[in-house]
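Okay, so the sequence shown: first residue is 45 according to my numbering, each after it adds one. Glycine included, each C-beta is placed from N, C-alpha and C at the ideal position. Small disclaimer: the values here were computed from a predicted structure and weren't measured. Here the structure comes first, spelled out in structure tokens, and everything after it is commentary.
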Amino acid sequence: MEKTTTYTISKFQAARQCRCPRCRTGAMFAGSLLSLKGQKMAKYCPHCGLKFEMEPGFFYVSMFVSYALNVAQFISVCIATYVLSGQSESPWVYLIACCLVAILLAGFNFRYARVIQLYWLTPNLRFNPTYYGQKKVKDIKLEA
Ligand SMILES: [Zn+2]
């Protein structure tokens, strides 16, 4: 077997680009992050064929990740609002700022909650370099 040194992207880069956690090549989401059609996740990785929703209700956990992301964003927004509004005491200012951020970042939270779950909260799912890059599933099967 020939030894090849191929460049692979880092786990963080792949997660940021919403790539499949196993091959780091296939896109997990069909549209773009700012798509107006809504967020649609692919059922299977278009590159290596990994089934993203491994069992029924698998993405139930990502709801909690999304909740944690939202809390972190709300705290940041409240601190920023407090500083930028000259220490406002009106609760409406904070409520409106939080609602605005929740709506604006809904797509981001949906995507990255699932990405975080697949990359860091699924212990038996690891990067497999044989799937990385231009290799297609049928080529991998021929080599084995
Ligand atoms: Zn894949």
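Nearest-angstrom Cβ-Cβ length linking residue i and residue j, presumed shorter than 8 Å
i	j	result
Ala106	Arg158	Contrary to the premise, residue 106 reads as Ser rather than Ala in this sequence. The Cβ separation is near 5 Å, so the contact holds.
Tyr156	Thr69	Between Thr69 and Tyr156 the Cβ distance is about 19 Å, and since that is not below 8 Å, they are no contact.
Lys87	Lys95	7 Å
Met85	Met72	6 Å
Gly151	Gln83	5 Å
Residue nearest to residue i in terms of C-alpha spacing, selected from the options
i	options	result
Ala141	Phe152, Leu128, Asn153	Leu128
Ser76	Arg170, Arg63, Gly93	Arg63
Ala112	Gln178, Ala146, Tyr176, Ala58	Ala146
Thr125	Cys92, Phe103, Tyr138	Tyr138
Tyr167	Gln178, Ser110, Tyr51, Pro65	Before going further, note that residue 167 is Pro rather than Tyr in the sequence given. Comparing Cα-Cα distances from Pro167 to each of Gln178, Ser110, Tyr51, Pro65, the minimum goes to Pro65.
Phe102	Cys89, Leu162, Gln57	Leu162
His91	Lys84, Ala74, Glu99, Pro100	Ala74
Ile119	Cys143, Glu99, Tyr104, Ile160	Cys143
Phe154	Lys55, Tyr104, Gln57, Cys89	Tyr104
Ala58	Ile160, Gln131, Leu165	Ile160
Cut-off 7 Å between Cβ atoms - residues of its own chain near residue i, not counting five sequence neighbours on either side
i	result
Gln117	Val145, Leu149
Ile53	Arg68
Bounding residues of the alpha helix (DSSP H) (the contiguous stretch that carries residue i)
i	result
Ile140	135-148
Arg60	55-60
Same chain only: Cβ atoms within 6 Å of residue i, ignoring 5 sequence neighbours per side
i	result
Val109	Ala157, Ile160, Gln161
Nonlocal neighbours in the same chain, by C-beta distance under 8 Å from residue i, ignoring five residues either side
i	result
Met45	Interpretation of Met45 is limited by its pLDDT of 47, a score under 50 that renders its predicted location unreliable; the figure taken from the coordinates is listed afterwards. Result list for Met45: empty, nothing under 8 Å.
Leu165	Val105, Val109
Leu186	Below a pLDDT of 50, predicted positions are generally treated as unreliable, and Leu186, at 47, falls in that range; no measurement from the model is reported.
| query | Any residues whose CB sits closer than 5 Å to a heavy atom of ligand 1? List them in chain order? | reply | After applying the 5 Å Cβ criterion, the set is Cys64, Arg66, Cys67, Gly70, Cys89, His91, Cys92, Leu94.
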